[in-house]
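Q: Take a look at the following structure, please.
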Amino acid sequence: LVHRELQHDFRRRHRWILPLFSTRDVVHDVFAAVLRGLGSTRFDGEPALLRYLASAVQHRILDALRHHEAGRRDARRKADEPEGGLDALARSAGAPSPAAEASLREQVGLYRAALAELPERERLLLDLRLADETPFGELAGRLAFPSADAARKAFHVAQARLLVKLRALGLTAPEAGP
């Protein structure tokens, strides 16, 4: 009876509840409750006992369903309201997936390997210009280039060498989106 009730009603409409309880759980709970109340309850024959058991099973299933649905609602509420407010949600939404993070680490490793093959002056030039956005006039003074134009040309040459080394390692620039 319990299995048929679960199969007919709850397993069709509420598949998510399947892993949360089984037929055996429901039967065990119902019979434990019946045994506890057996001394105070009188039944007029077997049909009355069966009706009582069927009703107890149905109530137990409904209670379990309501309990787990309430838990799902509470979980959705907690997910909808992040602890740090909407700012925390925006930060977590931009976090890369584990696969993207692993890919990024691999690409950074390839970039560092290609960069290590360049002369020290070119590495410093690329670092100051790309990471710190140092102007070419300042680069010329810091790295002893004759002029800002010479620093710019040296930067483009170093950038081209780095690109060739990255392509040799199998790293290509991402495709531009529409």
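Under our numbering, the first residue of the sequence shown carries the number 90, and numbering increases by one thereafter.
For glycine and all other residues, C-beta sits at the position ideal for the given N, C-alpha and C.
1) With 16 as the cutoff for other CB atoms within 10 Å, does Phe234 come out buried or exposed?
2) Determine whether the Cβ of Ala257 lies closer than 8 Å to any Cβ atom of chain B.
3) Could you give the distance in angstroms between the alpha-carbon of Arg135 and the alpha-carbon of Gln147?
4) Determine the direct distance from the alpha carbon of Ser186 to that of Leu217, and round the result to whole angstroms.
5) Can you tell me where the alpha helix (DSSP H) with Asp216 in it begins and where it stops?
6) For Pro187, does the three-state DSSP call read helix, strand or coil?
7) Within 10 Å of its beta-carbon, does Arg149 have 16 or more other beta-carbons around it, so buried, or fewer, so exposed?
8) By Cβ distance, which residues of its chain are closer than 6 Å to Gly226, with the 5 residues on each side in sequence left out?
A: By the coordinates alone:
1) buried
2) The structure shown contains no chain B; it is built from a single protein chain.
3) Reading the sequence as shown, one finds Glu at residue 135 and not Arg. Using only the alpha carbons, I get a separation of about 18 Å.
4) 30 Å
5) No alpha helix (DSSP H) contains Asp216, which DSSP labels as neither H nor E.
6) helix
7) buried
8) Ala237
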